[in-house]
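What follows is a short report on a single structure.
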Amino acid sequence: MEKHSPKVVEQRGLYYDEVELDTEYRHAPGRTVTEADNTLFTTLTMNPASIHLDAHRSAETQFGQRLVNSMFTLSTLVGLSVGQTTQGTTVANLGFGSVEFPKPVFVGDTLYATTRVLEKRLSKSRDDVGIVTFLHTATNQRGEVVATASRSAMMLMKPRGDAG
Numbered sequence: 001m002e003k004h005s006p007k008v009v010e011q012r013g014l015y016y017d018e019v020e021l022d023t024e025y026r027h028a029p030g031r032t033v034t035e036a037d038n039t040l041f042t043t044l045t046m047n048p049a050s051i052h053l054d055a056h057r058s059a060e061t062q063f064g065q066r067l068v069n070s071m072f073t074l075s076t077l078v079g080l081s082v083g084q085t086t087q088g089t090t091v092a093n094l095g096f097g098s099v100e101f102p103k104p105v106f107v108g109d110t111l112y113a114t115t116r117v118l119e120k121r122l123s124k125s126r127d128d129v130g131i132v133t134f135l136h137t138a139t140n141q142r143g144e145v146v147a148t149a150s151r152s153a154m155m156l157m158k159p160r161g162d163a164g
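Each residue of the sequence shown is one higher than the one before, starting from 1 at the first, in our numbering.
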């Protein structure tokens, strides 16, 4: 019997050539934030703010409980987008534009992410890459927007001869 090699499909993001303007990507699954996530991220990043770590003090604030570190929210938002948009196809993040946190995130909230392509252009210095500006949006389980961030990334062009 002849041995057959299966077709191989590798998970990756989009090449610059595949990115379409004004397209929204809905990323799944969502991510439920745990107390361990918040505590570990906050302490690893040397943030001593009691609003993230001190349950007693946080209970006395306008929020009535600890807030999830907003940098964790931002990191998770971008992370949720990677598999569908930039995994293996990004050369570099070039920077973030506007970053906003219109509503707080609490332990137990589930974050969902979408990404829209705002702009794309060919690189002025390299012929194998383009520059893409994404708008990432995180919502919670109630559909409330909890974070937005615009991000520019240098994206690889599809390799020559790559049919799929």
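C-beta atoms are modelled at their ideal positions from N, C-alpha and C, and glycine is treated no differently.
Answer yes or no: do residue i and residue j have a C-beta to C-beta separation smaller than 8 Å?
| i | j | result |
| --- | --- | --- |
| residue 82 | residue 20 | no |
| residue 33 | residue 68 | yes |
| residue 134 | residue 150 | yes |
| residue 138 | residue 77 | yes |
For residue i, which of helix, strand or coil comes out of DSSP?
| i | result |
| --- | --- |
| residue 85 | helix |
| residue 71 | helix |
| residue 173 | The question about residue 173 has no answer, for the chain in this structure spans 1 to 164. |
| residue 79 | helix |
Can you check DSSP and say which residues form a bridge with residue i?
| i | result |
| --- | --- |
| residue 138 | 113 and 147 |
| residue 36 | Answer is none; residue 36 lacks a bridge partner. |
| residue 24 | 116 |
| residue 100 | 148 |
| residue 130 | 122 and 155 |
| residue 55 | Answer is none; residue 55 lacks a bridge partner. |
Could you check the C-alpha separation between residue i and residue j for me, to the nearest Å?
| i | j | result |
| --- | --- | --- |
| residue 142 | residue 105 | 11 Å |
| residue 30 | residue 112 | 5 Å |
| residue 108 | residue 48 | 21 Å |
| residue 42 | residue 74 | 13 Å |
| residue 89 | residue 157 | 8 Å |
| residue 128 | residue 64 | 51 Å |
| residue 38 | residue 52 | 7 Å |
Buried or exposed, going by whether 16 or more other CB atoms sit within 10 Å of the CB of residue i?
| i | result |
| --- | --- |
| residue 26 | exposed |
| residue 121 | exposed |
| residue 8 | exposed |
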